[in-house]
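Okay, structure first, notes after.
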Amino acid sequence: MSKNTIAIFKCLADKSRLRILNYLIERPMYVELISELLDLNPSTISFHLKKLEDAGLVYSTKEQYYVTYHINPDILQHKLSELVSLEYTDSNEQKEREDNYRRKVLEAFFEYGKLKSLPVQQKKRRIVLEEIARSFEKDKTYPEREVNIIIADFNDNFCTIRRDMVDEKILERENGIYRLT
Numbered sequence: 001m002s003k004n005t006i007a008i009f010k011c012l013a014d015k016s017r018l019r020i021l022n023y024l025i026e027r028p029m030y031v032e033l034i035s036e037l038l039d040l041n042p043s044t045i046s047f048h049l050k051k052l053e054d055a056g057l058v059y060s061t062k063e064q065y066y067v068t069y070h071i072n073p074d075i076l077q078h079k080l081s082e083l084v085s086l087e088y089t090d091s092n093e094q095k096e097r098e099d100n101y102r103r104k105v106l107e108a109f110f111e112y113g114k115l116k117s118l119p120v121q122q123k124k125r126r127i128v129l130e131e132i133a134r135s136f137e138k139d140k141t142y143p144e145r146e147v148n149i150i151i152a153d154f155n156d157n158f159c160t161i162r163r164d165m166v167d168e169k170i171l172e173r174e175n176g177i178y179r180l181t
C-alpha cells in the first residue's frame with residue numbers, strides 16, 4: 001500500500017471529513033459555506049480541508065476573495081480494490097529490513113564460522129539453523145554420521161542442532177537417512 005493510499009484511508013476515517021466530501025461531491029464550496037452547513041468552526045473546516053487536500057481527495061482554486069474547494073474527480077474513478085492493491089511499494093524496504101535482521105543475528109551468534117551458542121528465541125534459532133543448512137546439498141541424502149560431521153563444523157552440540165533441524169522441518173529423517181526439505 002502506498003503512502004498516498006494510507007493518507008487517503010486516514011482521511012476517510014474521520015466523520016467530519018466524510019461529511020465535507022459528501023457536500024463537495026454535490027458542488028464546489030468555500031470554507032464559510034461548508035462551516036455553516038456542518039455547524040463547525042471555519043478553522044476546523046480549514047484543518048480538515050488541508051488534510052483532504054494533502055491526501056489528494058480535494059483541490060482548491062482561488063476565485064476573487066474566496067478559496068473554493070472541489071472534489072478530485074480522479075480519485076472517484078478508483079475502485080477500492082485498486083487503492084488496496086497487493087502491489088506493496090515498501091516490499092523492497094521490508095526485504096532490506098529482514099536481510100539486516102538476519103545479518104545481525106548471524107553476526108551475534110557466529111564467530112569465525114563457528115556457532116557460539118544456539119539462540120533461545122525461535123525466530124533467531126530458525127535463522128541460525130537455516131544458515132547451517134546451507135552446508136547441505138539439495139536432493140542429496142546423508143547418513144546420520146555425515147550429518148553430525150557437517151554440523152560439528154559449526155558447533156560440538158550436533159545432536160541438539162540436528163534434532164532442531166528435523167523439528168523445524170529443515171531436514172527430514174527417514175530410517176537414519178537425512179535430506180534437506
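Residues in the sequence shown are numbered consecutively from 1, following UniProt numbering. Glycine residues also receive a C-beta, built at the ideal position from the N, C-alpha and C atoms.
Tell me, to the nearest whole angstrom, how far the beta carbon of Phe-154 is from that of Lys-114; I am working on the premise that it is less than 8 Å. Translated into positions along the sequence shown, residue 154 becomes position 154. Translated into positions along the sequence shown, residue 114 becomes position 114. Yes, Phe-154 and Lys-114 are in contact; Cβ-Cβ is about 6 Å, under 8 Å.
Are Cys-11 and Leu-40 close, meaning C-beta to C-beta below 8 Å? The count along the sequence shown starts at 1 and reaches residue 11 at position 11. The count along the sequence shown starts at 1 and reaches residue 40 at position 40. No. Outside cutoff.
Start-end ranges of the alpha helix (DSSP H) lying completely within the segment 2-63, minimum 4 residues: 3-12, 15-26, 31-38, 42-54
Using CA atoms only, rank isn't needed, just tell me which of Glu-131, Lys-95, Leu-33 is closest to Phe-110. Mapped onto the sequence shown, residue 110 falls at position 110. Answer by Cα proximity: Glu-131.
Consult DSSP for Tyr-112 and reduce its assignment to one of helix, strand or coil. Stepping through the sequence shown from its first residue, residue 112 is reached at position 112. In this structure, Tyr-112 counts as coil in the three-state DSSP scheme.
Going by beta-carbon coordinates alone, are Glu-172 and Thr-160 separated by less than 8 Å? Position 172 of the sequence shown, counted from the first residue, corresponds to residue 172. Position 160 of the sequence shown, counted from the first residue, corresponds to residue 160. No, the pair does not count as a contact, with Cβ atoms beyond the cut-off.
Quick check: the Cα distance between Tyr-178 and Lys-116, rounded to an integer number of angstroms? As a first step, residue 178 is located in the sequence shown; it is residue number 178 there, counting from the start. As a first step, residue 116 is located in the sequence shown; it is residue number 116 there, counting from the start. If you take the alpha carbons of Tyr-178 and Lys-116, they lie about 25 Å apart.
What runs of the alpha helix (DSSP H), each 4 residues or longer, lie entirely inside the segment 105-169? 122-133, 144-152, 158-167
Local Cβ density within 10 Å of Ala-108, reported as buried at 16 or more and exposed below that: In the sequence shown, counting from the first residue as 1, residue 108 sits at position 108. By the neighbour-count rule (16 or more Cβ atoms within 10 Å), Ala-108 is not buried but exposed.
Cβ-based neighbour list, Asn-4, same chain, cut-off 6 Å, excluding 5 preceding and 5 following: Position 4 of the sequence shown, counting from 1, holds the residue named residue 4. Counting only Cβ-Cβ distances below 6 Å, and skipping sequence neighbours, we find nothing.
Distance between Gly-176 and His-78 (C-alpha atoms, nearest Å): Position 78 of the sequence shown holds residue 78. Position 176 of the sequence shown holds residue 176. Using only the alpha carbons, I get a separation of about 58 Å.
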